[in-house]
Amino acid sequence: MWRLALAAIPVLTLAFVLVGGVASQSQTPTATPEASASPSPSPSPVPSPAPPTPELLLPPPPPVDPTGGQPRPAVDPAYPGALRPGDWVRITGTDSCLNVRWEPRTPVTQPDGATYDNALNCLPDGFVGLVDGNSWGIGTSLPVNSDGRWWWHIVGQGWAADEFLAFHHQAGLPWPERPDLANAGLIAYLRSDNSVWLMNADGSSARALVAADPNRWVFTVRWSPLGDRLALALGRTDGTQVTLVVDSNGTVLREIAGLVEPNWSPSGGHLTGLKQMPNGSGSYDVTPVVHDLGSGAEWVVGPATYSYAPPVWSPDGNSLAFICTSVFAPLPDGTTGIDPAHDCGGDGLRIVRADGSSTRIIMPINPQNNWYISSPSWSPSGGTIAVVSMQQGGCLGYALIDVASGAVTGCISPPGMGTTVGGGCGGPGMSAPSWTVDGLLVFSTPGAGQSGVFVQDLGSGARAFIPGMSVGLVSLAPDGVDLTYDSGGYIWVAGLDGSNLTLLAEGHSPAWQPLP
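Residue 43 is where the sequence shown starts when you use our numbering, and the numbers rise one by one after that.
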């Protein structure tokens, strides 16, 4: 039941902040390719009575390394333009913004007459991104010719029409350079071969920490609170799971059989997680446990149930929160009901003491009433827990739960999500929430019209936005003003306000080292 979740497609933006609104999300923003009815796009945008949007200020292009890089890939010989895979390009000529899409074409009517919106974000003039070598299916060349237009794939953003892209520069990674992050700690991450790597937060000095192994894969990387150790959750080809605790040199300090999705206690002395335990029927159950890293003692803090996420620690380290959901199964009398071996004794969000005592269900749910919650996250004060909430007729987004009373004190709704081709895996794909040290809520969602990372001020309602096609894990920097995340096989950093977005390296599942 455990699967490694990889982000879909990469992101690079010079991000911008939107407070109380977003950039144009119309199906046909001024001068986007949709504005032209001609099979061949016009070389100039449709005039607009509005004044041009000021272009973003960009760092100067770095000098080209004449000895570095690989030969430029070949392109479709019929393509009349000068762009090539590996070029950094700049959006220009729209007088507003350009829709980037899930697929290299404008929306087409479906056989049943239905329509859909394949525009992910409307990126402003001046936006700079990296054109990669993605093609569209077997036998297609680059750029893709569709709808009478040539389409390039911008790393992490989507497909964009060639007529609104101009060559900006050629360079490797990272870009833009971030010398201000040189002393901001390390970022641990996974490479595509499932090896574990470390690099400085500015993208320099990357080195392998744990080598790839064809007999196992890593799906969780988490730093200890002091930044001196990492917990790595691994799966093996024989179906077993293990957590390794390693130091910053890759030396294995402890191996904990059967423990998955480890979470560090605030003191760094314990791990909580889900324990893989044989259930006597040839398969495994998962049970929430706490593991003492000093003594090796381990104790159960909840029933063996249908669990996806491990318990999370309260900021003071005294309590744990997790969601318990009973398992429904065929019963001997032919009916369907709760499996006695996997009965929560009350479904919902529960809080227990770190020793497993004093269970309190603060948010009961009925597993059959179409209300799904997941991914609890404590606020820095310990007074609120945010959960992903999918409730028909209720909170669709992030419910804020008061720890003392169990009352829902708020619902943070992501932007409306239209239907996107290939997006959401059948649902909105909302990420687990996290909190900054000063109480901002951080989350990511994919969807038509506005897709990326959001940083929400719960008091004022102001929301910063970093556009991206399909964002994966988000990890906060120790300085409280930056974050890192993965998107489509690349690691990025940006300010919490959306500024200074930088592409660092190929990889996924980043974790920013805490600094003492």
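Glycine included, every Cβ here is placed at the ideal spot set by N, Cα and C. Small disclaimer: the values here were computed from a predicted structure and weren't measured.
What number of angstroms, rounded off, separates the C-alpha of residue 288 from the C-alpha of residue 446?
37 Å
Pull up the distance between the alpha-carbon of residue 495 and that of residue 507, whole angstroms please.
6 Å
Using a 10 Å radius around the Cβ and a threshold of 16 neighbouring Cβ atoms, would you call residue 313 buried or exposed?
buried
What do you get for residue 204, buried or exposed, if any count of 16 or more other CB atoms within 10 angstroms of its CB means buried?
Label assigned to residue 204: buried.
As a quick exercise: from 134, 149, 177, 483, pick the residue whose alpha carbon is nearest that of residue 210.
Ranking the options by Cα distance to residue 210, first place goes to 134.
Residue 218 to residue 545, Cα distance in whole Å?
7 Å
I'd like to know whether the C-beta atoms of residue 553 and residue 230 end up nearer to each other than 8 Å.
yes
Please classify residue 206: does DSSP put it in a helix, a strand, or coil?
helix
Among the candidates 272, 501, 491, 417, whose CA atom is the shortest distance from the CA of residue 143?
With respect to the C-alpha of residue 143, the residue from 272, 501, 491, 417 having the closest C-alpha is 491.
Do the stretch 144 to 159 and the stretch 167 to 174 make contact, defined as three or more Cβ pairs closer than 8 Å?
Not touching, per the Cβ criterion.
DSSP puts residue 241 in a beta bridge; with which residues?
Residue 241 is bridged to 229.
Using alpha carbons as the reference points, say which of 283, 265, 527 lies closest to residue 257.
283
Report the residue from 398, 379, 378, 381 whose alpha carbon sits nearest the alpha carbon of residue 364.
398
Taking one C-beta from the stretch 330 to 337 and one from the stretch 375 to 385 each time, how about it: are there three or more such pairs within less than 8 Å?
no
Could you work out which residue in 248, 213, 303 is closest to residue 275 when comparing CA atoms only?
303
Tell me the residue span of the beta strand (DSSP E) that contains residue 265.
Segment 258 to 265, the beta strand (DSSP E) holding residue 265.
Ignoring anything shorter than 3 residues or poking outside the stretch 398 to 436, list the beta strand (DSSP E) runs there in chain order.
Counting only runs of 3 or more, we get 402 to 406, 413 to 420, 426 to 433.
Can you name, in chain order, every residue of its own chain whose Cβ lies under 8 Å from the Cβ of residue 108, other than the five neighbours on each side?
Caution applies to residue 108, whose pLDDT of 38 falls short of 50 and renders its modelled position unreliable; the value that the coordinates give is listed next. Hits under 8 Å: none found.
How far does the beta strand (DSSP E) with residue 382 in it reach, from first residue to last?
Where residue 382 is concerned, there is no enclosing beta strand (DSSP E), given that its DSSP letter is neither H nor E.
For residue 295, count the other beta carbons within 10 Å of its own beta carbon; 16 or more makes it buried, fewer makes it exposed. Which is it?
exposed
Would you call the CB atoms of residue 421 and residue 429 closer than 8 Å?
no
Where DSSP assigns a beta bridge to residue 319, which residues make up the other side?
According to DSSP, which records beta bridges pairwise, residue 319 is partnered with 327.
Sort out for me which residues DSSP pairs residue 276 with in a bridge.
260, 284
Whole angstroms is fine: what's the gap from residue 50's alpha carbon to residue 375's?
Annotation note: pLDDT 32 at residue 50 (below 50); position unreliable, coordinate value reported separately. In a straight line, the C-alpha of residue 50 is about 45 Å away from that of residue 375.
Can you find at least 3 beta carbon pairs, one from the stretch 261 to 271 and one from the stretch 321 to 329, that sit closer than 8 Å?
no
Taking 8 Å as the cut-off, decide whether the C-beta atoms of residue 183 and residue 117 are in contact.
A Cβ-Cβ contact shorter than 8 Å links residue 183 with residue 117.
Anyone know if the C-beta pair for residue 393 and residue 362 falls short of 8 Å?
Their beta carbons are under 8 Å apart, which means residue 393 touches residue 362 by this criterion.
Run the CB neighbour count on residue 154, radius 10 Å, all protein chains shown included, and call it buried at 16 or more, exposed below.
Under a 10 Å Cβ-count criterion, residue 154 is classified as exposed, with fewer than 16 other Cβ atoms of the shown protein chains found around its own Cβ.
Which full runs of the beta strand (DSSP E) of 3+ residues lie inside the stretch 483 to 510, going along the chain?
For the stretch 483 to 510, whole beta strand (DSSP E) runs of length 3 or above, ordered along the chain, are 483 to 487, 494 to 498, 505 to 509.
Contact defined as beta carbons within less than 8 Å: I believe residue 195 pairs with residue 222. What is the distance between those atoms, to the nearest angstrom?
The pair is not a contact, with the Cβ atoms about 30 Å apart (cut-off 8 Å).
On the three-state DSSP scale, how would you describe residue 222?
When DSSP states are grouped into helix, strand and coil, residue 222 belongs to the helix group.
Could you please give the first and the last residue of the uninterrupted beta strand (DSSP E) stretch that includes residue 193?
For residue 193, the enclosing beta strand (DSSP E) has its first and last residue at 191 to 196.
Among 188, 226, 181, 241, whose alpha-carbon lies nearest the alpha-carbon of residue 524?
It is 226 whose Cα lies nearest to the Cα of residue 524.
Considering only the alpha carbon of each residue, which of 333, 241, 522 lies closest to residue 290?
Per the Cα distances, 241.
Rounding to the nearest angstrom, what Cα-Cα distance links residue 560 and residue 164 in this structure?
Absent from the model: residue 560. The displayed extent of the chain is 43 to 558, so no value can be given.
To the nearest whole angstrom, what separates the beta carbons of residue 548 and residue 234, a pair I think is in contact under 8 Å?
7 Å
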